[in-house]
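S.K.:
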Amino acid sequence: MGPHDLTGTVTPMATLIDANWLDYLLVAIYFAFVLGIGVMARRSVSDSIDFFLSGRSLPAWVTGLAFISANLGAVEIMGMSANGAQLGLPTFHYFWVGAVPAMLFLGVVMMPFYYGSKVRSVPEFMYRRFGTGAHLVNAISFAVAQLLIAGVNLALLAGIVRALLGWPIWVSLIVAGAVVLSYITLGGLSAAIYNEVLQFFVIVASLLPLTLIGLNRVGGWDGLTDKINAASDDASSGSDAPSAEQQLNAWPGEALSGFDSPLLSVIGIVFGLGFVLSFGYWTTNFVEVQRAMASDSISAARKTPIIGAFPKMFVPFIVIVPGMISAVLVTEMIELKSGGSPEGGASGEGVAYNDALLLLMRDVLPNGLLGLAIAGLLAAFMAGMAANISAFNTVFSYDLWQRYIRKDHSDDYYLRIGRLATVGATVIAIFTAQIALGYDNVMNYLQTLFGFFNAPLFATFILGMFWKRMTPTAGWVGLVAGTLSAIAVDRAAAAGAFELSGQGVAFLAASVAFVVDIVLSVVVSLVTKPKPAAELRGLVYSETPREDRTDPHEAEMPWYRRTAPLAGIALAMVLVLNFAF
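For the sequence shown, position 233 matches number 233 in the UniProt record's numbering, and the numbering has no gaps at all.
1) Can you list, in chain order, the residues of its chain with a C-beta nearer than 8 angstroms to that of A85? Leave out the 5 residues immediately preceding and following it.
2) Report buried or exposed for N138, applying the criterion of at least 16 other Cβ atoms within 10 angstroms of its Cβ.
3) In this structure, does DSSP put S261 in helix, strand or coil?
4) Grab me the residues of L536's own chain with a C-beta within less than 7 angstroms of its C-beta, minus the 5 sequence neighbours each way, in chain order.
5) Just checking, does the segment 90-106 make contact with the segment 253-273 on the three C-beta pairs under 8 angstroms criterion?
6) Any contact between the segment 428-445 and the segment 482-495? By contact I mean 3 or more CB pairs, one from each, below 8 angstroms.
7) Helix, strand or coil for S295 per DSSP?
8) Between which two residues does the alpha helix (DSSP H) holding M333 run?
9) Are A455 and A492 touching if we call contact CB-CB under 7 angstroms?
10) Can you grab the Cα-Cα spacing for the pair V10 / L463, in whole Å?
11) Quick check on F466: buried or exposed, where buried means 16 or more other Cβ atoms within 10 Å of its Cβ?
12) Using a 10 Å radius around the Cβ and a threshold of 16 neighbouring Cβ atoms, would you call K227 buried or exposed?
13) What's the call for K312, buried or exposed, on a 16-neighbour Cβ count within 10 Å?
14) Return the CA-CA distance between N20 and A163, expressed in angstroms with no decimal places.
15) Would L182 be called buried (16 or more neighbouring beta carbons within 10 Å of its own) or exposed?
16) Between A509 and G438, which are expected to be in contact by the criterion C-beta below 8 angstroms, what is the C-beta distance as a whole number of angstroms?
17) Taking one C-beta from the segment 22-41 and one from the segment 252-266 each time, how about it: are there three or more such pairs within less than 8 angstroms?
18) In three-state DSSP terms, what is T9?
19) Who are the near neighbours of R549 in its chain, counting only those whose CB is closer than 6 angstroms to its CB and skipping five residues on each side?
20) With a threshold of 6 angstroms on Cβ separation, who are the neighbours of L566 within its own chain once the five nearest residues in sequence on each side are excluded?
21) For D18, does the count of other Cβ atoms within 10 angstroms reach 16, so buried, or fall short, so exposed?
22) Quick one: residues in its chain with C-beta nearer than 8 angstroms to the C-beta of T304, no 5 flanking neighbours on either side, listed in chain order?
23) Out of curiosity, what's the CA-to-CA distance linking H93 and L575?
24) DSSP state of A99, grouped into three classes?
25) Per DSSP, what kind of secondary structure is Y439 in: helix, strand or coil?
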């Protein structure tokens, strides 16, 4: 789908999914609920802290589920099922190596700083630690990244609307954007968070039956492995599908990392994905951190990502496994994987791996369950896009507008700017969605974006948090150099300077950005002047007294409600899962 497809007359086309009145009714009921929550949340929005941070009043289980749901957007569901269909079990690394360890680190180590320093956003933390330069660079790059990622969610959301109703993609884009816009503008972050909790249950209720019915159709897990083996034996020479052995074993994961050597592949996955990309995403991504900041105590804020880690471990079974089933059960996916190019698909430009989940729903779900599944997907895309846009409007209103353009205005004024920013962001997302539509697996595009924006930010952040000598100049120099080096690696690969399959280029770009940022920051810090130690309390680990970092009441709680034991159990479980598969 290229930019040229945006014009033309509205003509209904054959729909990809054959839904009946029952399915449409379920989708309509769901949307009525979502907008109702927006209206109810609106009554409790009295000032900007309410709109942007829910007045810091939510319990840990609500913020914990919202934490996972904000991440269980379109990208997660469609991108991971596309990866499952294309690569198989190595995709599990995105969860067990690329998410859970970083979430536990965020809860145990980083959250006390965020919550304790009472900042409203990650760029604001950068401002207090490094001053204007690093703050401005970070706020601008964050705002750009959110607009690009909101475009991905919107593109996939429009694909579903098109599959259901047969509308042209540009009509679908505008309609989808309008619905998301209405409920964020109504209620701010509380509306987004309560909706995310509802969405979490709807998503699980719709994807679990899909997985079970699909497994039943292929003859259980053994039947699935037999079919993958058979498909791999029959694949034509034109197929770029990995071998059955690579698809059915998570380690060493050559299909995912793009390296032929098992050792390099493990290093690439553990360092590139498990450390740089995943810690960069989970610990500095305001979309996620904002969920924990809305909780009612430092203890609840620390437990937010840890509570989220438990469901996160089991998400792959309902998003990746259906992708693997689709690749051996759905006629079009079998043809695509064996090197053919079947027609149709949600984009109308031919079937892509992104369609794996939709096509499986079409083939195995009865009406009624189909409606629930569609509501679940629409829910996920709206959650993802609303999360991006509510994070964008906070950073735009506070970090850019209030700090650099119009200082010292009334609270009402910034609330108005926040609502206007929401409208602007949605309109821009309709255009950035065009870029996302050019990729046949959205995960490749997303990992590339994370390498550009999150990897250098994480490097600056972690160094600044643990090394008090790091200077304000080093803060912004490292960020800019890191981002530019990641873009350089990506463009070099695009120009054909070297070749890596899978998501290898994104892992490499992120690793280069991280290393360049750390090295330059150290060099620049040694020749420039650091901030006085007195200004670093609450911002640097060694300068922050222990009582500032912990909740005095936590010691009185039973063990299963304390941060460290919960994190220990989660870590043990994820290690067991890694060895089992």
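Ideal placement from N, C-alpha and C gives every residue a C-beta, glycine not left out.
This structure is a prediction, so every number in the text was calculated from the model and none was measured.
M.R.: Walking through what the data contain:
1) G323, M324, S326, A327, M333, K337, Y353 and A356
2) buried
3) coil
4) K468 and E543
5) yes
6) no
7) strand
8) T331 to K337
9) no
10) Only weak support is given to the placement of V10: the predicted model assigns it a pLDDT of 37, under 50, and the question is left unresolved by the model.
11) By the Cβ-count criterion, F466 is exposed, with fewer than 16 other Cβ atoms from all chains shown falling within 10 Å of its own Cβ.
12) buried
13) buried
14) 13 angstroms
15) It should be noted that the sequence gives Ser, not Leu, for residue 182. The residue in question, S182, is exposed, as its Cβ has fewer than 16 Cβ neighbours within 10 Å.
16) Going by Cβ atoms, the distance from A509 to G438 rounds to 18 angstroms, so no, they are not a contact pair.
17) no
18) With a pLDDT of 35 at T9, under the threshold of 50, the predicted position of this residue should be treated as unreliable, and no value is reported.
19) P112
20) I306
21) exposed
22) A60, T63, G64, F67, G107, M111, R291, A292 and S295
23) 12 angstroms
24) coil
25) Secondary structure of Y439 (DSSP, three-state): coil.
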